[in-house]
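Novice: Below you will find the structure I want to go over with you.
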Amino acid sequence: MRKLPEIYQKLFQAFGPQHWWPGDSPFEISVGAILTQNTNWGNVEKAIHNLKKQNALTVKSIHDMPVQKLAELIKPAGYFNVKAKRLKNFIHFLMNKYHGSMKRIVDGDMQVIRKNLLDVNGIGPETADSILLYALGKPVFVIDAYTKRVLSRHGIMGDEKSYDEFQELFHSALDRDVAMYNQYHALLVKVGKVYCRRQRPLCDRCPLQALPGGFNFE
DNA sequence: TGCCAGGCCGGGT
DNA sequence: ACCCGGCATGGC
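So the first sequence is numbered by this note's numbering: it starts at 25 and just counts up by one.
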């Protein structure tokens, strides 16, 4: 699949670097990854702001906090009851397997970390891979709804294909480059937000098909 | 005013 | 191995 590198070039030319993931620390990024599940990022920022305001954005603070109280603080992010439990699950995972420190995770083998993350109730493939890439700097490509939509709209792969199939496509077509994976996923989200809305036909102003006849990729 | 947002789980087929 | 309902706030 030679199209994937060319799509990256076009997106980067169109939008430039994306400065992902917004967040001051690996832990904050991980919390954000859980809070943003099926949720607008702006709402996640409100929830994170609430936590910071109470000096509660730490492993110890969230661990010691009643789940009820945690749910109240993250309310703007939606699904606050399930997400409060999921944050608690992640904290327990951190304490039990990594002494409560993100720094202890980084040295581990990527596949082992991924499997451990997927064993946490409430962490699925996208959340696990977001933590791996954006919090831990591991070379794994993050697949999300925008990635599937953009690629399927442009005839690369049908959106009924699985997460793993999409991920395998990127992994096989691209170098294992953390900085590029970081930008590429963020750029797919960007183009998805701006030009590739749900329930709408392919937009003719999308930078991926600006040339007549769609892709000029062969 | 509905629709949508950087998913995942649990139960049923 | 899939399919589906549930989970919830806030912006446009």
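A virtual CB, placed ideally from N, CA and C, is assigned to each residue, including glycine.
Small disclaimer: the values here were computed from a predicted structure and weren't measured.
Rounded to whole angstroms, what's the CA-CA distance from P163 to Y205? Just pull it up for me.
Specialist: Rounded to the nearest angstrom, the two C-alpha atoms are 7 Å apart.
Novice: For A80 versus I72, is the C-beta spacing smaller than 8 Å?
Specialist: The answer is no: Cβ separation not under 8 Å.
Novice: For R177, count neighbouring C-beta atoms within 10 Å of its own C-beta (all shown protein chains included) and say buried if the count is 16 or more, exposed if not.
Specialist: The residue in question, R177, is buried, as its Cβ has 16 or more Cβ neighbours within 10 Å.
Novice: Comparing C-alpha positions only, which one of M126, A152, D48, F165 sits nearest to E192?
Specialist: The candidate whose alpha carbon is nearest that of E192 is F165.
Novice: Compute the Euclidean distance between the alpha carbons of I115 and Y170, then round it to the nearest angstrom.
Specialist: Taking the straight line joining both Cα atoms gives about 28 Å.
Novice: Using the Cα positions of D201 and D131, report the straight-line distance between them to the nearest angstrom.
Specialist: Their backbone Cα atoms lie some 18 Å apart in a straight line.
Novice: What residue does the alpha helix (DSSP H) around E184 start on, and which one ends it?
Specialist: Taken as a continuous stretch (DSSP letters only), E184 belongs to no alpha helix (DSSP H), as it is neither H nor E.
Novice: Please report how far the alpha carbon of V174 lies from the alpha carbon of F39, in whole angstroms.
Specialist: Each residue's alpha carbon lies about 15 Å from the other.
Novice: For V91, collect the residues of the same chain with a Cβ closer than 7 Å to its Cβ; drop the 5 residues on either side in sequence, then sort them by chain order.
Specialist: Excluding sequence neighbours, V91 sits near A108, K109, K112.
Novice: Can you name, in chain order, every residue of its own chain whose Cβ lies under 7 Å from the Cβ of G161, other than the five neighbours on each side?
Specialist: Around G161: V202.
Novice: Ends of the alpha helix (DSSP H) at A101?
Specialist: Premise fails: A101 is in no alpha helix (DSSP H) and is neither H nor E.
Novice: So the candidates are Y122, I167, V144, Q233; which of them puts its Cα closest to the Cα of D183?
Specialist: D183 has its Cα closest to that of I167, out of Y122, I167, V144, Q233.
Novice: In the DSSP assignment, find the unbroken alpha helix (DSSP H) run with L75 in it and report its ends.
Specialist: Unbroken alpha helix (DSSP H) run through L75: 65 to 77.
Novice: Using 8 Å as the Cβ pair cut-off and three pairs as the minimum, do the stretch 98 to 105 and the stretch 120 to 139 touch?
Specialist: Verdict: no, contact absent.
Novice: DSSP state of L235, grouped into three classes?
Specialist: Model confidence at L235 stands at a pLDDT of 43, short of 50, so the residue's coordinates are unreliable; what they give is reported in the following sentence. Looking at L235 - three-state DSSP - the assignment turns out to be coil, as it is neither helix nor strand.
Novice: What's the call for K217, buried or exposed, on a 16-neighbour Cβ count within 10 Å?
Specialist: The residue is exposed, with fewer than 16 neighbouring Cβ atoms inside 10 Å.
Novice: Cα separation between N140 and D228?
Specialist: Computed Cα separation, rounded: 43 Å.
Novice: Using CA atoms only, rank isn't needed, just tell me which of G148, P100, A159, S154 is closest to I129.
Specialist: Minimum Cα distance to I129 is reached at A159.
Novice: Note the first and the last residue of the continuous alpha helix (DSSP H) segment covering S125.
Specialist: From DSSP, S125 is part of no alpha helix (DSSP H); its letter is neither H nor E.
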